[in-house]
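**Student:** Submitted below is the structure of interest, expressed as structure tokens.
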Amino acid sequence: MNLNYLMPTRIIMGENCLFNERSLLAQLGKKACMITGKHSARACGGYDDAVKALEANGQQYVLYDGVMNNPTDNCVFEAGELAGKEGCDFILAIGGGSPMDAAKAAAVLAAHMLSKEELFALSFDKVLPIAAVPTTAGTGSETTPYSILVDTAGPAKRSIGSPLLFPRFAFLDHRYLRRLGRDTTVHTAMDALSHAVEGILSPRANCISDTLARETIAIIRNCFGPLMDFPADPAEFPAEIRKKLLLASSMAGMVISQTGTTVNHSMGYQLTINWGTDHGRATGLLLGPFLRWCREKERADSSIKPRIPGLCAALGMDLEDFCAVLENLLGKRERASEAELGAWGKIKMKNAVNTYIEPCQEEIADIFRKASGGGRNGAE
Ligand code: NAP
Ligand code: FE
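Quick note, the sequence shown lines up with residues 323 to 702 if you use this note's numbering.
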């Protein structure tokens, strides 16, 4: 068996860990560029804790708080320019996947003057060190070497992946998620679940990624009940479940760091680009139809080594029961028009080749149809 396992991110988890472990931030340099979205980093308390930690360390900081959901190339150039101009030594990202991903690209751009194409072509060999403080539990960006950006020229979602982009430190403090609403909580949990499931269905799966993926799935399946019963006041969602989801998200990030994601994620990007669907919801909408297609292929072709039974064992339920859980969590599905389904079915999906069974274009079109309320023929 060949293995090449890299996971250089130090994960620190616990209440107030950013302040308590501030000596780690002190190792990164004299001046931080904090990168956040518009509101939530301040509202959740993460920004204030970071300021306290940096000030206690005698470190300076500037703030870039212009990251939008699904960050664009323009935004990362702005953030990178600010960090470079201000002479920052490191980047401190506080937020969901969007600020963390933007921070990674900004860390590259602060270290080099690059064009957009050079950035996407990975023409870089240095990057400012990054510390990440997730305030959602789903993308796992705090433990991955990926930054997913919207190339405004497409528009299309494109990813940058380099071992240089692994954050040096990930600080996991579930208190920052206390007021995260029902939809973002559920959708980000679906993202983490999709990462673990897709990790198992990747041709690059190995014994370490599979072990992490199965454990991630076991943690998240035990959160299905509380997610279905999400309270009217998000602050009443149990803190213990927040902690579990936050840990599961970082573990699933470790999975995809090894395996990459599959066609399910590439297809999800189309829903986000075209409809603005939350990333995690988009992957969740596709997951059931994608897994049913995998099961059909496994049943039809005995040369395929089956992976769905192992996945169901990790889920502790059969595939149809899992699809029912997803339906319950997703609620009413968005419907695609025939024109949309026709167009999406023709697009080449980057990660189709990173799927243990590579779907052909017709099969991709069929999965889209089933995920989008069944197209003209109605819901599944
Ligand atoms: P997000 O886009 O980072 O945030 C979604 C919304 O949640 C924003 O409005 C944000 O507000 C708000 N929010 C964040 N934390 C909050 C909190 N604690 N309390 C209340 N509101 C909060 O969502 P995400 O799902 O975490 O990230 C999605 C992005 O990650 C996508 O671009 C996706 O492609 C990417 N992704 C990356 C990887 C990777 O490996 N790098 C993996 C999967 C997905 P503010 O704007 O005010 O902050
Ligand atoms: Fe994802």
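Cβ coordinates follow ideal geometry from the N, Cα and C atoms, glycine included. The structure displayed is predicted, hence computed values, not measured ones.
Compute every distance between the C-beta of Lys360 and the non-hydrogen atoms of the ligand NAP, then say whether any falls below 7 Å.
**Tutor:** For this step, residue 360 is matched to residue 38 along the sequence shown. Yes; taking the cut-off as 7 Å, the Cβ of Lys360 has a heavy atom of the ligand NAP nearer than that.
**Student:** Provide the residue span of the alpha helix (DSSP H) that contains Gln592, from first to last.
**Tutor:** Within the sequence shown, numbered from 1, the residue matching residue 592 stands at position 270. Gln592 -> alpha helix (DSSP H) spans 585-597.
**Student:** Does at least one heavy atom of the ligand FE sit under 7 Å from the Cβ of Thr605?
**Tutor:** Start at 1 with the first residue of the sequence shown, and residue 605 comes out as number 283. Checking every heavy atom of the ligand FE against the Cβ of Thr605, one is found closer than 7 Å.
**Student:** In terms of alpha-carbon separation, which member of Pro553, Pro548, Asp513, Thr457 lies closest to Ala535?
**Tutor:** Your numbering for residue 535 matches position 213 in the sequence shown. Answer by Cα proximity: Asp513.
**Student:** With H, G and I counted as helix, E and B as strand and the rest as coil, what does DSSP make of Gly700?
**Tutor:** In the sequence shown, residue 700 corresponds to position 378, counting from 1. Confidence is the limiting factor: at Gly700 the pLDDT is only 39, short of 50, which leaves the residue's position unreliable and the question unanswerable from this model.
**Student:** Classify Ser345: buried if its beta carbon has 16 or more other beta carbons within 10 angstroms, exposed otherwise.
**Tutor:** In the sequence shown, the residue the question calls residue 345 occupies position 23. Result: exposed.
**Student:** So is His361 buried or exposed if we call it buried at 16+ other beta carbons inside 10 Å?
**Tutor:** Counting from 1 along the sequence shown, the entry for residue 361 is found at position 39. Per the 10 Å Cβ criterion, exposed.
**Student:** Label Glu305 either buried or exposed according to how many other C-beta atoms from any shown protein chain fall within 10 Å of its C-beta, with 16 as the threshold for buried.
**Tutor:** As shown, the chain starts at 323 and ends at 702. That puts residue 305 outside it, with no answer to give.
**Student:** Out of curiosity, what's the CA-to-CA distance linking Gly653 and Glu403?
**Tutor:** Residue numbering aside, residue 653 sits at position 331 when the sequence shown is read from its first letter. Residue numbering aside, residue 403 sits at position 81 when the sequence shown is read from its first letter. Spanning the two alpha carbons is a distance of roughly 42 Å.
**Student:** Return yes when the C-beta of Cys366 is under 7 Å from any heavy atom of the ligand NAP, and no when it is not.
**Tutor:** In the sequence shown, the residue the question calls residue 366 occupies position 44. For the ligand NAP, at least one heavy atom lies less than 7 Å from the Cβ of Cys366.
**Student:** Do Gly409 and Cys397 have their beta-carbon atoms positioned less than 8 Å apart in this structure?
**Tutor:** Within the sequence shown, numbered from 1, the residue matching residue 397 stands at position 75. Within the sequence shown, numbered from 1, the residue matching residue 409 stands at position 87. Cβ distance not < 8 Å, so Cys397 and Gly409 don't count as in contact.
**Student:** How long is the line joining the alpha carbons of Ile452 and Phe612, rounded to whole angstroms?
**Tutor:** As a working mapping, residue 452 is identified with position 130 in the sequence shown. As a working mapping, residue 612 is identified with position 290 in the sequence shown. Going by the C-alpha atoms only, they are around 35 Å apart.
**Student:** Please classify Ala622 as buried or exposed, where buried requires at least 16 other C-beta atoms within 10 Å of its C-beta.
**Tutor:** Counting from 1 along the sequence shown, the entry for residue 622 is found at position 300. Exposed: under 16 other Cβ atoms inside 10 Å.
**Student:** For Val384, collect the residues of the same chain with a Cβ closer than 6 Å to its Cβ; drop the 5 residues on either side in sequence, then sort them by chain order.
**Tutor:** Stepping through the sequence shown from its first residue, residue 384 is reached at position 62. Only Cys355, Glu408 meet the Cβ criterion.
**Student:** Assuming Ile334 contacts Phe493 under a Cβ cut-off of 8 Å, what Cβ separation, rounded to an integer in Å, is found between them?
**Tutor:** For the purposes of this step, residue 334 is taken as the residue at position 12 of the sequence shown. For the purposes of this step, residue 493 is taken as the residue at position 171 of the sequence shown. Indeed they touch by this definition, with Cβ atoms about 5 Å apart.
**Student:** Whole angstroms is fine: what's the gap from Gly418's alpha carbon to Gly575's?
**Tutor:** Walking along the sequence shown from the start, residue 418 turns up at place 96. Walking along the sequence shown from the start, residue 575 turns up at place 253. In a straight line, the C-alpha of Gly418 is about 13 Å away from that of Gly575.
**Student:** Consult DSSP for Cys355 and reduce its assignment to one of helix, strand or coil.
**Tutor:** Along the sequence shown, one-based indexing puts residue 355 at 33. Three-state result, Cys355: strand.
**Student:** Do Ser469 and the ligand NAP come close, with the Cβ less than 7 Å from some heavy atom?
**Tutor:** Taking the first residue of the sequence shown as position 1, residue 469 is located at position 147. Under cutoff, so the answer is yes.
**Student:** Roughly how many angstroms lie between the CA atoms of Leu499 and Ser625, to the nearest whole one?
**Tutor:** The count along the sequence shown starts at 1 and reaches residue 499 at position 177. The count along the sequence shown starts at 1 and reaches residue 625 at position 303. Taking the straight line joining both Cα atoms gives about 45 Å.
**Student:** Count the other CB atoms within 10 Å of the CB of Pro467; is the residue buried (16 or more) or exposed (fewer)?
**Tutor:** Against the sequence shown, residue 467 aligns to sequence position 145. Buried is the call here.
**Student:** Does DSSP put Gly388 in a helix, a strand or coil?
**Tutor:** As a first step, residue 388 must be located in the sequence shown, where it is residue number 66. In this structure, Gly388 counts as strand in the three-state DSSP scheme.
**Student:** On the CB-based measure, 16 or more other CB atoms within 10 Å of its CB, does Asn699 come out buried or exposed?
**Tutor:** The count along the sequence shown starts at 1 and reaches residue 699 at position 377. Per-residue confidence for Asn699 stands at a pLDDT of 39, beneath the threshold of 50, marking its modelled position as unreliable; no derived number is given.
**Student:** Residues in the same chain with beta-carbon distance under 6 Å from Ser481, minus the five sequence neighbours each way, listed in chain order, please.
**Tutor:** For the purposes of this step, residue 481 is taken as the residue at position 159 of the sequence shown. Cβ within range, chain order: Tyr468, Ile470.
**Student:** Starting from the Cα of Pro553, find the closest Cα among Leu609, Arg504, Glu642, Ala511 and give me that residue.
**Tutor:** On the sequence shown, position 231 is the one that residue 553 refers to. Of Leu609, Arg504, Glu642, Ala511, the residue nearest in Cα terms is Arg504.
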